[in-house]
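In the numbering used here, the protein residues as written are 5 to 336.
Every residue, glycine too, gets a C-beta built ideally from N, C-alpha and C.
Quick caveat, the model's predicted, so the values are computed rather than measured.
Input: a single structure, listed below in structure tokens.
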Ligand SMILES: Cc1cc2nc3c(=O)[nH]c(=O)nc-3n(C[C@H](O)[C@H](O)[C@H](O)COP(=O)(O)O)c2cc1C
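Right, here's the structure in full:
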């Protein structure tokens, strides 16, 4: 049997598949099953900066209708944050007790403000690492690209000062100079970057004339975006790379490793097929490695990254001109 272990964020993983942050990882018993079926690590469901604020707003608007005075608002703020925080720390403690695989905590954030002290609590609760899901939608006309980029760097610096455990950053691809930003982030004393986050997206219901939510799950067709950027950035960053979004089968795991990923995160496929699907994905990896006579992942990791290609342009082609002209010739 080939050795499918890998190293990510300085942590030894028994397999390269990490179950990404989601409802799949919000309870210790679910995490036990994920470990049983072969997950190399889990990223816990995030605690959201936004979620805390929304809860706060909700209580404030109810209480503001009469019974309570403004003096109490600070207390509510404190109490709500405290209970969210306690539940989250308890999840880390229980998950850590329940499994041997690394447990990576997660915070969803867009500012470097008050929540950053919480990173230390996460470390104290025993998390093996912390993943920051930083997302700032570049939709404010008055906000410059530089200002957004500086916010990312400030968040990382602030959190880095709080903790000693490995820190990773899950990012989006909404940057004008994506390669430059990925490289810059990787030089901020972080242990890993996750390419990419999949954000909540809107849709429109044309019958009800309402704005609704688009499908939250990815499909296998979403794979090429992260595959391209893992391949382009492999060996050009100063930290590990985890591929995320669109990994729906064992072949996609192999592709991301060939592109240069240290590990691969999976969420939607496990929502669709259940935690036991991990075993099937890993069997595909095992069988493929045996067939190719690979004993270890490092023997083929990054083999098809851009810097090892005779024709690096293969990962940079963005226009379909050749595809359409070939197709049109065939159809003529
Ligand atoms: C139902 C659901 C809940 C999620 N919750 C979180 C979350 O709490 N924190 C986070 O960083 N990402 C969250 N994500 C994003 C996933 O971690 C992942 O980045 C995204 O789904 C892309 O991976 P996939 O293509 O394997 O689904 C969630 C995704 C789904 C589908």
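Residues that residue i bridges to, as DSSP identifies them
i: residue 52; result: 112
i: residue 185; result: According to DSSP, which records beta bridges pairwise, residue 185 is partnered with nothing at all.
i: residue 10; result: 17
i: residue 206; result: 217
i: residue 174; result: 137, 198
i: residue 103; result: Answer is none; residue 103 lacks a bridge partner.
Assigned secondary structure, residue i (DSSP; H/G/I helix, E/B strand, else coil)
i: residue 15; result: strand
i: residue 5; result: coil
i: residue 94; result: helix
i: residue 36; result: helix
i: residue 338; result: It is not possible to answer for residue 338, since the shown part of the chain is limited to 5 through 336.
i: residue 212; result: coil
i: residue 22; result: strand
i: residue 131; result: coil
i: residue 43; result: coil
i: residue 322; result: coil
i: residue 163; result: helix
i: residue 333; result: helix
i: residue 313; result: coil
i: residue 152; result: helix
i: residue 168; result: coil
i: residue 143; result: coil
i: residue 88; result: helix
i: residue 125; result: helix
i: residue 307; result: coil
i: residue 120; result: helix
i: residue 29; result: helix
i: residue 190; result: helix
Identity of the residue in the options nearest residue i by Cα
i: residue 238; options: 315, 183, 255; result: 183
i: residue 306; options: 259, 39, 249; result: 259
i: residue 20; options: 37, 5, 279, 46; result: 46
i: residue 22; options: 263, 97, 92, 285; result: 285
i: residue 171; options: 138, 8, 13, 9; result: 13
i: residue 232; options: 152, 166, 317, 7; result: 317
i: residue 214; options: 108, 104, 206; result: 206
i: residue 251; options: 119, 195, 223; result: 223
i: residue 88; options: 101, 108, 50; result: 50
i: residue 131; options: 99, 160, 141, 137; result: 99
i: residue 101; options: 111, 167, 18, 31; result: 31
i: residue 112; options: 106, 122, 103; result: 122
i: residue 310; options: 320, 247, 200, 303; result: 320
i: residue 254; options: 125, 335, 43, 204; result: 43
i: residue 302; options: 266, 271, 281; result: 266
i: residue 288; options: 104, 256, 220; result: 256
i: residue 160; options: 176, 169, 140, 136; result: 136
i: residue 155; options: 165, 115, 188, 105; result: 115
i: residue 128; options: 140, 162, 109, 210; result: 109
i: residue 176; options: 234, 208, 167; result: 234
i: residue 138; options: 264, 179, 165; result: 179
i: residue 225; options: 273, 187, 245, 208; result: 273
i: residue 125; options: 262, 38, 264, 166; result: 166
i: residue 313; options: 94, 278, 295, 236; result: 236
i: residue 10; options: 281, 244, 283; result: 244
i: residue 248; options: 143, 294, 28, 197; result: 197
i: residue 277; options: 8, 335, 28; result: 28
Fully enclosed by the stretch 227-301, which beta strand (DSSP E) runs are 3 residues long or longer?
If only complete runs of 3 or more residues are kept, the stretch 227-301 shows the beta strand (DSSP E) at 244-248, 267-270, in order along the chain.
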